[in-house]
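Residue numbers (my numbering): 561 to 912.
Here you go:
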């Protein structure tokens, strides 16, 4: 397979490991993927949950942990590329972007909102830290690239297209998730690529495009490359690797899942998401799970009205309490049948 060129940086293989919070993709997984030739991605979402002062100074704990994990991943990766996924919706967005730059992140991937100010936040680090917005339609691609062009006089270093089969929070309505066909979304991917190419030509550069959501095997990778993409972003398959930072119980929940146990949920901030059915979701369906302590993670969240605390639910799951936590997953989680390692998975994805 071809390499993935992002500005002045190159990954040996065109595979980006998607960022998974809270605590699913930290330095262990990201460093291993980067070391194997892909792009390893740390999720900044409540990354400091293991720090001793997380519940007394969440902001400081998150920034300290973010810098620590970027450093550890880059050390493990040697010359490989280490990125960070930072949600626009987080209250700590600007501080997390700056901290990632200061720690030497190679790439910042940003979605869950419009990353309008991302170019300004990485000023002074443009050679070191590349930026990539997440889009789900040609309209959203044009909006963000036009905005960056007009207000910041620059364009993206890469664009990530996240489709309706992705895990976690999704940039689609519940209706769209059930009605968009693969063929329709293939056409949308090509429309997005055309928009990105237009802005690349304006700036005299080739902006790579990576497709995410529902990428499971080598054939899926080859399919999107044939559509004109330059690489893929995939997350679900990396969960059941030895190197993944989640607990063994969290990984086993993926292995135990079948098609009927994966459902679309509504997160506390109103966005649809995809998760594994469990006792926690049954409890949420019966009524509100009181928010006992607000950690101010998402700007749109109102703890007085939230059906549950998404931070606490994600922490519980990743630490092993999979019946009382939220287990985000992609649409292909039910296809997973056995544990593997990052090198073996990369080999499977990239060799004939």
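Virtual Cβ for every residue (Gly too), placed ideally from N, Cα, C.
Item	Value
Mind checking who residue 692 pairs with in its DSSP beta bridge?	669
Could you give the DSSP three-state label for residue 719: helix, strand or coil?	strand
If you reduce the DSSP assignment to three classes, tell me which class residue 628 lands in.	helix
Using 10 angstroms around the beta-carbon of residue 845, count the other beta-carbons present and answer buried if the total reaches 16, otherwise exposed.	exposed
My output table needs one value for residue 821: the three-state DSSP class, helix, strand or coil.	helix
With the cut-off set at 9 Å, would you say residue 637 and residue 595 are in Cβ contact?	yes
Is it true that the CB of residue 866 sits closer than 9 Å to the CB of residue 851?	yes
Among all the DSSP beta bridges, which residues are the ones paired with residue 755?	According to DSSP, residue 755 bridges with nothing at all.
By DSSP, does residue 600 sit in helix, in strand, or in coil?	strand
In chain order, what residues of the same chain have a beta carbon less than 6 Å from the beta carbon of residue 803, not counting five sequence neighbours either side?	588, 589, 592, 902
Within the chosen definition, does the segment 603-611 reach the segment 645-665 through at least 3 CB pairs nearer than 8 Å?	yes
Are the CB atoms of residue 716 and residue 576 within a distance shorter than 9 Å?	no
Between residue 571 and residue 599, how many whole angstroms is the CB-CB distance? I'm expecting something under 8 Å.	5 Å
Please report how far the alpha carbon of residue 680 lies from the alpha carbon of residue 665, in whole angstroms.	16 Å
Have a look at 613, 783, 875 and flag the residue whose alpha-carbon is nearest the alpha-carbon of residue 791.	783
May I ask you to list the residues that DSSP assigns as paired with residue 858?	650
Between which two residues does the alpha helix (DSSP H) containing residue 679 stretch?	678-681
In whole angstroms, give me the CA-to-CA distance for residue 831 and residue 729.	6 Å
Taking the CB atoms as reference points, tell me whether residue 597 and residue 567 lie closer together than 9 Å.	no
Who pairs with residue 955 in a beta bridge, going by DSSP?	Since the first residue shown for the chain is 561 and the last is 912, residue 955 is missing from the structure and cannot be characterised.
For the putative contact between residue 682 and residue 668, defined by C-beta atoms under 8 Å, what is the C-beta separation to the nearest angstrom?	7 Å
Are there 16 or more other CB atoms within 10 angstroms of the CB of residue 621, so buried, or fewer, so exposed?	buried
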